[in-house]
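In the working numbering, the protein residues as written are 13 to 408.
Remarks on the structure that follows.
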Amino acid sequence: MAKRTVRDFDVAGKRALVRVDFNVPLKDGRVTDDTRIRASLPTIAYLREQGCRVILMSHLGRPKDAPDPAFALDPVAMRLGQLLEAPVRKLSDLTGPGVEAAVASMKPGDVVLLENSRFDPREKRNDPALVYDLARLGDIYVNDAFSAAHRAHATTAGLATVLPAMAGFQMAREVAALEALVAEPKRPFVVVLGGSKVTDKIKVIDRFLDLADQLLIGGAMSLAFLKAKGLSLGASKVEEEGLPYAEEALKKAAGAKCELVLPTDIVAADSFAEDAAAWAVGVDAIPDGWMGLDIGPATAEKYAAAIATAGEVFWNGPMGVFEMTPFADGTRAVAEAMAACPGVTVVGGGDSVAAVNKFGLASRMDHVSLGGGASLEYIEGSDLPGVVALPDKEQA
Ligand code: ADP
Ligand code: MG
13 MAKRTVRDFD VAGKRALVRV DFNVPLKDGR VTDDTRIRAS LPTIAYLREQ GCRVILMSHL
73 GRPKDAPDPA FALDPVAMRL GQLLEAPVRK LSDLTGPGVE AAVASMKPGD VVLLENSRFD
133 PREKRNDPAL VYDLARLGDI YVNDAFSAAH RAHATTAGLA TVLPAMAGFQ MAREVAALEA
193 LVAEPKRPFV VVLGGSKVTD KIKVIDRFLD LADQLLIGGA MSLAFLKAKG LSLGASKVEE
253 EGLPYAEEAL KKAAGAKCEL VLPTDIVAAD SFAEDAAAWA VGVDAIPDGW MGLDIGPATA
313 EKYAAAIATA GEVFWNGPMG VFEMTPFADG TRAVAEAMAA CPGVTVVGGG DSVAAVNKFG
373 LASRMDHVSL GGGASLEYIE GSDLPGVVAL PDKEQA
């Protein structure tokens, strides 16, 4: 169900309390990747155009329920100001008289960023006292932080119960894209799963065996599947705890409409290093002491061909150690095939999105989900507290 958005509500002139996800990487007091900040610019711009006073809330990192200068939002405010080309006033608290005074002095179009919500121990408990302290600052609550929506915190869920609540554009985009993906994927629906661990993604694998027409497996995850099939994989990084789940998935796939496809060749290397000796071998021919670090060229070609004719593609998890150039080809082949695919293409996952950005192909995907864990939980079929808390469009 589509959620009520800032366009479906008379927001003009309101004090808008906006939850964004500005949990961005920092180095030496600077933001090193501003993708998440950019993602919420359309919502912030729209609210400013409507004459709102925009009061932003975000978490950053994992401070221990107390203020920690390493996780203060000042670098974020600085970057946001540059992107908005407007002043952003960063406050030194989340709530309290100082914050209330600052908000009272705001003019239409002004932007204020409250301090890291996780400096307050009440945030993660979704403490009603914090919800009420925050609610005093605003007339409406806007949630634009899909990637934090799997948490039932005060700023992600609690506020929606006390103020008129609505989705920002990034939240609405994420929900619409993932909802369409699980509810009515275009066929054939091809899913590419990779990355490091089977155990991270058991429920996602299970869900896609019900939903997809083809499930193409790569990355370290595929090694657990190959091992479960009895192959010996040299010194490859096989996740042992993943083996029983891989076995179960193989069993389920045998009776499913969905075809589960595993690599037939692999790039094997004599060490985990950029300058390792490395070449492609059959999956049954990895030399002792060598490790599989990427899908091989025959597998990459086969996966690319399946993607080329797909009605819809969802991809999560790199096909190899793409951070090292000699083991990036499989991941690049998947990314390029998706970029060229005329069907609907959706990428999700921290490292997969980083790979697509690295290859300069993000703009050629239909949807790049910044949701990370939240996207996978949504696909698994879990209710996300931050999404559930927002009213549907019809109720507007
Ligand atoms: P995502 O963040 O997209 O969900 P994951 O976090 O599950 O992806 O996995 C990404 C990591 O998996 C990358 O750092 C990559 O180097 C690693 N990886 C992929 N294939 C292999 C492999 N064959 N051996 C070791 N590591 C791998
Ligand atoms: Mg990751």
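Every residue, glycine too, gets a C-beta built ideally from N, C-alpha and C.
Note that the coordinates shown come from a computational prediction; the quantities given were computed from them, not determined experimentally.
Who pairs with residue i in a beta bridge, going by DSSP?
i, result
"GLU324", "PHE201 and VAL356"
"ILE217", "Paired residues: none, contrary to the question."
"VAL124", "ILE67 and ARG101"
"ALA28", "VAL66 and ILE152"
"ASN227", "According to the sequence provided, residue 227 is Leu. The question's Asn does not apply to it. For LEU227, which the question treats as bridged, DSSP gives the partners VAL203 and LEU272."
"THR107", "Paired residues: none, contrary to the question."
"HIS379", "VAL358"
"THR44", "DSSP, once it has assigned bridges, lists no residue as partnering THR44."
Might you give, ordered along the chain, the residues of its own chain that have their beta carbon closer than 7 Å to the beta carbon of residue i, omitting 5 neighbours on each side?
i, result
"LEU126", "ILE67, LEU68, MET69, LEU103, LEU106 and VAL111"
"ALA367", "PRO330, PHE334, THR343 and ALA347"
"LEU243", "VAL295 and ASP296"
"PRO79", "PHE131"
"ARG42", "PRO87"
"ASP139", "ALA166"
"GLY63", "ALA24, GLY25, PRO120 and GLY121"
"GLY254", "LYS209, VAL210, THR211 and ALA236"
"ARG134", "ALA141, LEU142 and ALA166"
"ALA318", "VAL202, GLN226 and LEU228"
"TRP327", "VAL204, VAL346, MET350, VAL359 and SER364"
Residue i by DSSP, collapsed to three states: which one?
i, result
"GLU97", "coil"
"MET303", "strand"
"VAL3", "Any answer about residue 3 is impossible in this case: the structure gives the chain only from 13 up to 408."
"GLY372", "coil"
"ALA147", "helix"
"LEU235", "helix"
"GLY294", "strand"
"ALA408", "Residue placement at ALA408 cannot be trusted, given a pLDDT of 48 that sits under 50; what the coordinates show is reported in the next sentence. Coil."
"SER387", "helix"
"GLU112", "helix"
"VAL273", "strand"
"ALA177", "strand"
"SER394", "coil"
"LYS39", "strand"
"THR168", "coil"
"LYS314", "helix"
"LYS15", "strand"
"SER129", "helix"
"GLY73", "coil"
"ASP363", "helix"
"PRO79", "coil"
"ASP22", "coil"
"MET118", "coil"
"GLY267", "coil"
"PHE158", "helix"
"ASP86", "helix"
"ASP341", "helix"
Go through its chain and collect everything with a Cβ distance to residue i's Cβ below 6 Å, but skip five positions before and after it.
i, result
"MET377", "THR357 and VAL359"
"LYS215", "GLU392"
"ALA89", "VAL100, LYS102 and LEU125"
"ALA290", "VAL279, ALA281 and PRO338"
"SER248", "LEU235, MET303 and GLY304"
"TYR257", "VAL210 and ILE214"
"ASP151", "LYS26 and ARG27"
"ALA408", "Low confidence applies to ALA408: its pLDDT is 48, below 50, so where it sits in the model is not reliable enough to give any reading."
"PRO397", "ALA164 and ALA169"
"ASP363", "PRO330"
"ALA388", "As written in the sequence, residue 388 is Leu, which differs from the Ala given in the question. Cβ within range, chain order: VAL216."
"ALA312", "GLY342 and ALA345"
"GLU324", "PRO197, LYS198, PHE201, GLY355 and VAL356"
"SER52", "VAL32, ASP156 and GLN182"
"LEU92", "ILE49 and VAL100"
Measure how close the beta-carbons of residue i and residue j come, nearest whole angstrom, since I'm counting them as under 8 Å.
i, j, result
"GLU322", "THR276", "Note that residue 322 is Ala in the sequence shown here, rather than Glu. Going by Cβ atoms, the distance from ALA322 to THR276 rounds to 20 Å, so no, they are not a contact pair."
"GLU406", "MET336", "Rounded, the Cβ-Cβ distance is 50 Å, inconsistent with contact."
"VAL380", "VAL399", "That pair is no contact at about 19 Å."
"GLN182", "PHE158", "6 Å"
"LEU85", "ASN128", "5 Å"
"SER208", "ALA232", "5 Å"
"THR44", "ASP156", "In fact, because the Cβ distance is near 22 Å, the residues do not count as touching under 8 Å."
"CYS270", "LEU221", "5 Å"
Let me see if you follow: with CB-CB separation under 8 Å, is residue i close to chain D or not?
i, result
"LEU243", "Of the chains in the structure shown, none is chain D; there is only one protein chain."
Under 8 Å Cβ to Cβ from residue i, same chain only, skipping five residues before and after it: list those, please.
i, result
"LYS119", "ARG65"
"LEU262", "PHE237, ALA240, LYS241 and LEU272"
"ALA439", "Within the shown structure, residues of the chain are numbered from 13 to 408, placing residue 439 beyond reach of any answer."
Closer than 5 Å: residues whose CB approaches a heavy atom of the ligand MG: GLY362 and ASP363
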